[in-house]
Amino acid sequence: GAVVSQHPSWVICKSGTSVKIECRSLDFQATTMFWYRQFPKQSLMLMATSNEGSKATYEQGVEKDKFLINHASLTLSTLTVTSAHPEDSSFYICSAPKRGDSNVLTFGAGSRLTVL
Amino acid sequence: AQRVTQPEKLLSVFKGAPVELKCNYSYSGSPELFWYVQYSRQRLQLLLRHISRESIKGFTADLNKGETSFHLKKPFAQEEDSAMYYCALSGGYNQGGKLIFGQGTELSVKP
Numbered sequence: 001g002a003v004v005s006q007h008p009s010w011v012i013c014k015s016g017t018s019v020k021i022e023c024r025s026l027d028f029q030a031t032t033m034f035w036y037r038q039f040p041k042q043s044l045m046l047m048a049t050s051n052e053g054s055k056a057t058y059e060q061g062v063e064k065d066k067f068l069i070n071h072a073s074l075t076l077s078t079l080t081v082t083s084a085h086p087e088d089s090s091f092y093i094c095s096a097p098k099r100g101d102s103n104v105l106t107f108g109a110g111s112r113l114t115v116l
Numbered sequence: 001a002q003r004v005t006q007p008e009k010l011l012s013v014f015k016g017a018p019v020e021l022k023c024n025y026s027y028s029g030s031p032e033l034f035w036y037v038q039y040s041r042q043r044l045q046l047l048l049r050h051i052s053r054e055s056i057k058g059f060t061a062d063l064n065k066g067e068t069s070f071h072l073k074k075p076f077a078q079e080e081d082s083a084m085y086y087c088a089l090s091g092g093y094n095q096g097g098k099l100i101f102g103q104g105t106e107l108s109v110k111p
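As given, the protein sequences belong to chains C and H, one line each in that order. The first sequence begins at 1 in our numbering and counts up one residue at a time. The second sequence begins at 1 in our numbering and counts up one residue at a time.
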């Protein structure tokens, strides 16, 4: 149990376009999800906390208008990278707290974004 | 400020040798500490947490509040232990799962 699915697993887009990444909790409900950004063999940087039915909470330095987060249901959070630039190329990972133990996270497999 | 520091980017050992992956943290309250592992081409997964005080795959980690450390140890490394290891900190249940990660240490166990 406790599976988090991300889609797409990889995407290539042109500069200036927008890309949406979906994060789904498959067998449990998640009122909160977390979006991380990971550079190759580097740390995971927390970008934002996605809250079902309300606005996301962004970490310092993360542009809200650049990285739009929507958490419309208890099983789906989306991250939209708007007007993408090559520097947005990265590995984006979502996670959700494990049911019954909010301090343990279940991670998605990640989505690799390449902006040309 | 909350911070997790893993001083070693890469740790290379031979099979059967002891391993210690260092983790130091900075937090004003009483944090919960975790080790997550990412094997090649797999997603990040929990390895162990300090409140469980258990050994997973031969790994143990003790929280030392005096030294603000949570080093991960294994007496005899195996090749299958090769992976990226991340130390992470949570501010507690009121943080609702929000984790701060260290930079990660790549463990390479050679035959």
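We put the CB at the ideal spot given by N, CA and C, even for glycine.
Put simply, the CB of F28/C is far from chain H, with every gap to its CB atoms at 9 Å or more. C-alpha of E54/H to C-alpha of D62/H: approximately 10 Å in a straight line.
The contact set of S90/H on chain C, defined by CB atoms closer than 8 Å, consists of N103 in chain order.
The Cβ of A109/C sits closer than 9 Å to at least one Cβ of chain H.
In the same chain as L116/C, and ignoring 5 residues on each side of it, the C-beta atoms closer than 6 Å to its own belong to K14, in chain order.
Under the Cβ distance rule, M47/C does not count among the residues neighbouring chain H, no pair being separated by less than 9 Å. For V4/C, the enclosing beta strand (DSSP E) stretches over residues V4 to H7. The beta-carbon distance between F28/C and R43/H, rounded to whole angstroms, is 16 Å. This is too long to meet the 8 Å contact definition. Looking at T49/C, A72/C and N70/C, the one whose alpha-carbon comes closest to that of E59/C is T49/C. Between A84/C and C23/C, the C-beta spacing is not below 9 Å.
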